[in-house]
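In this note's numbering, the protein residues as written are 369 to 602.
Ideal placement from N, C-alpha and C gives every residue a C-beta, glycine not left out.
Here the structure is laid out as structure tokens; the discussion comes afterwards.
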């Protein structure tokens, strides 16, 4: 029997919170709240399986276009999440990091996230990376700006290769992305980790994020194990 391969880095587009709530006659915010519990469960499951990094798409640069009351609630979710679950994450040796631009969020939201990063910085298990106020085109644009400035300042050579340019990405230092999962049936990438997804396996499931559990995670990993990853070769 072949050994089961565990992806080193999984990314998830956590879609379907609003539809999950609507189906139950609840406000969209109830779906977002339930979705935070799913993050905790899936992070712990990934850690137990030996996954090295889990990147969760929590808030995109486009989410600011949503109704003001929903945006306000989403800005409060990090505090709710970490107040409730930081002890669990620390007990499980899970480290919290983030990618994205925090500066647009309220100071309290920024502080909560940065405190979680600091409190878990010495942990050596799963890297739970929260993509918040993140957009991949924005990330690549910022990387290009930083590289151009380094060339001007004499810190970088214009003849850069892909590996070196990758160090300008927000995900620098994380393992190569192996598997991307999108929940709730949508079949698009939505400006998420476009650089990092180059050779990742993509899985789209109809299951809404609040209903995504350890069983669904293992189904996705089993499907990953049935893929032939040739990276452009034969």
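| Item | Value |
| --- | --- |
| Cutoff 6 Å; reference residue 478; Cβ partners in own chain excluding five residues on either side | 470 |
| Test item: CB-CB of residue 445 and residue 400 under 8 Å | yes |
| Where the beta strand (DSSP E) through residue 550 begins and ends | 547-550 |
| C-alpha distance - residue 513 paired with residue 507, whole-angstrom precision | 10 Å |
| Whole-Å CB distance - residue 324 paired with residue 383, under 8 Å assumed | What is shown of the chain runs 369 to 602, which leaves residue 324 out entirely. |
| Per-residue DSSP class, three states only, for residue 469 | coil |
| Simplified DSSP assignment, three categories, for residue 422 | strand |
| Own chain, CB closer than 6 Å to residue 496, minus 5 neighbours either side, in chain order | 411, 422, 462 and 464 |
| Residue-level contact to chain D via CB, residue 550, 8 Å cutoff | As a matter of chain content, chain D is missing from the structure shown, which is built from one protein chain. |
| Residue burial classification, residue 435 (beta-carbon count within 10 angstroms, cutoff 16) | exposed |
| For residue 454 and residue 554, the rounded distance between their alpha carbons | 31 Å |
| Beta bridge counterpart(s) of residue 379 as assigned by DSSP | 423 and 548 |
| Under the three-state DSSP convention, the category residue 394 falls into | coil |
| Residue 431 in three-state terms, based on DSSP | helix |
| Spatial distance of residue 522 from residue 379 (CA atoms) | 35 Å |
| Near the ligand ZN: residue 545 beta-carbon under 7 Å from a heavy atom | With respect to the ligand ZN, the structure offers nothing, as it holds no ligand at all. |
| For residue 453, three-class secondary structure by DSSP | helix |
| Within 8 Å, strictly: CB atoms of residue 498 and residue 424 | yes |
| Which residues DSSP lists as bridging residue 571, in chain order | 549 |
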